[in-house]
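Numbering (this note's numbering), first residue to last: 7 to 213. The structure under discussion appears below in the form of structure tokens.
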Ligand code: GRF
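See below:
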């Protein structure tokens, strides 16, 4: 049975695009359907990309609302949508604990750094400013903390010779766009119920 996935974005949506393309014609074909691309920002460029790919979109604006009001609206929406997985792709809000609990081990994020070394925003700036010769992209489950959820996999990005932040980001995103779908394939095809989570999260290069 194909799984239903909801993708949450806030901006550009390049990871979302790569995933949708893999669902339509690549390594995620026949494994899942993207039932919605959701944004908390009405002007997120990714919304137009999703529409052009034939995907339904939904917006609940976070701006101008109290955080608790926004969170309650989002909970209600996701609860009734009932996706099998929630895929965060440049979604810039913290997932509230009630959503984490409702979709435990079914919310996945991509982080542009090694979550053990750098949490929060600006992962590529951090790698660039520290002149790292390589950095890692992390795909992980979401828990109640900030970038503290169980790591599904990490993949290295070679930064040797990258002289600008733009170059660092370009190399990183090229890895992200392939790696995220590979991880999703692993998730969609491998058992990871609560008692199997430790085994599941121990792999490094999903294939
Ligand atoms: C990516 O670098 C991702 O790792 C981070 O936010 C960025 C989103 O980019 N979480 P995009 O919107 O997918 O282009």
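Glycine included, every Cβ here is placed at the ideal spot set by N, Cα and C.
Counting C-beta pairs closer than 8 Å gives three or more between the segment 169-183 and the segment 127-143, which meets the contact rule. The C-beta separation of residue 145 from residue 114 comes to about 7 Å, placing the pair in contact by the 8 Å criterion. Counting other Cβ atoms within 10 Å of its Cβ, residue 198 reaches 16 or more and is therefore classed as buried. Under DSSP, residue 186 forms no beta bridge with any residue. Listed in chain order, the alpha helix (DSSP H) elements of length 4 or more contained wholly in the segment 91-162 are 103-108 and 129-135. Taking all protein chains in view, the Cβ of residue 160 is crowded by 16 or more other Cβ atoms within 10 Å, so the residue is classified as buried. For residue 167, the closest of 148, 134 and 152 by C-alpha to C-alpha distance is 134.
Contact annotation: residue 122 and residue 130 have beta-carbon atoms that are not nearer than 9 Å. Per DSSP, the continuous beta strand (DSSP E) segment holding residue 45 begins and ends at 38-45. One Cα belongs to residue 81, the other to residue 182, and the distance between them is close to 28 Å. For residue 48 against residue 23, the beta-carbon gap comes to about 19 Å, at or over 8 Å, which does not count as contact. For the pair residue 194 and residue 36, the Cα-to-Cα distance works out to about 11 Å. At a cut-off of 8 Å, the beta-carbon of residue 161 does not count as near the ligand GRF: no heavy atom of the ligand is closer than that. For residue 14, the secondary structure class from DSSP, reduced to helix, strand or coil, is strand. For residue 23, no beta strand (DSSP E) segment is defined; the enclosing uninterrupted segment is the alpha helix (DSSP H) at 20-31. By the neighbour-count criterion, in which a residue is buried when 16 or more other Cβ atoms sit within 10 angstroms of its Cβ, residue 25 is buried.
Here DSSP, grouped into helix, strand and coil, assigns residue 8 to coil. When DSSP states are grouped into helix, strand and coil, residue 85 belongs to the helix group. Excluding sequence positions up to five before and after residue 101, its CB lies within less than 7 Å of the CB of 113 and 148, all in the same chain and listed in chain order.
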